[in-house]
Each structure stands twice: as C-alpha cells, then as structure tokens.
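Notes to accompany the following structure.
In my numbering, the protein residues as written are -19 to 58.
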C-alpha cells in the first residue's frame, strides 16, 4: 500500500512541475521549498544541486532539482 502512495506522490510532483526545463534561481528555490539565499549559498560553497551558468544568469534544470531532492530522501527508522 505504501508503495502505491509513494508512486502517486511522485506522479503528483511531476504533474505539478513547471512546464519549463530550466528555472532561474528564485523559481528553482520556490520549486524546492527553499529560500533563494540557500541556493546562493550552496552554489558558492558547494553541496547543492547542479546548475548552469548562462552569461551572468544561473539556471537550474528541473530534472537536476528533482534528482537532488531524491538524493536527500530518508526512510523512517520505524
């Protein structure tokens, strides 16, 4: 049963995703439920999701944001 709920959660997340493949920093932060400052800090110090620099802009691929969040997933102990 839990597997079905997890699958539905993943489907809902995909359907709720922004239609664009790349997001600017503020929209990427909103998509992840984080502050823009947190993404800025990770970008400067490392440890955050992969990003693309296009001129002076930093863009995040939605697939990279999802992969990063999937990597943070933790299973409950009990």
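We put the CB at the ideal spot given by N, CA and C, even for glycine.
As DSSP reads the structure, residue 41 sits in a beta bridge with 2. Comparing alpha-carbon positions, the option among -8, -12, 12 and -5 lying closest to residue 29 turns out to be 12. Its Cα nearest to that of residue 26, the residue 48 stands out among 48, 1 and -15. For residue 3, the closest of 46, 52, 44 and 39 by C-alpha to C-alpha distance is 39.
Cβ-Cβ separation between residue 6 and residue 16: approximately 5 Å, consistent with a contact (criterion under 8 Å). Bounds of the beta strand (DSSP E) holding residue 33 are 32 to 34.
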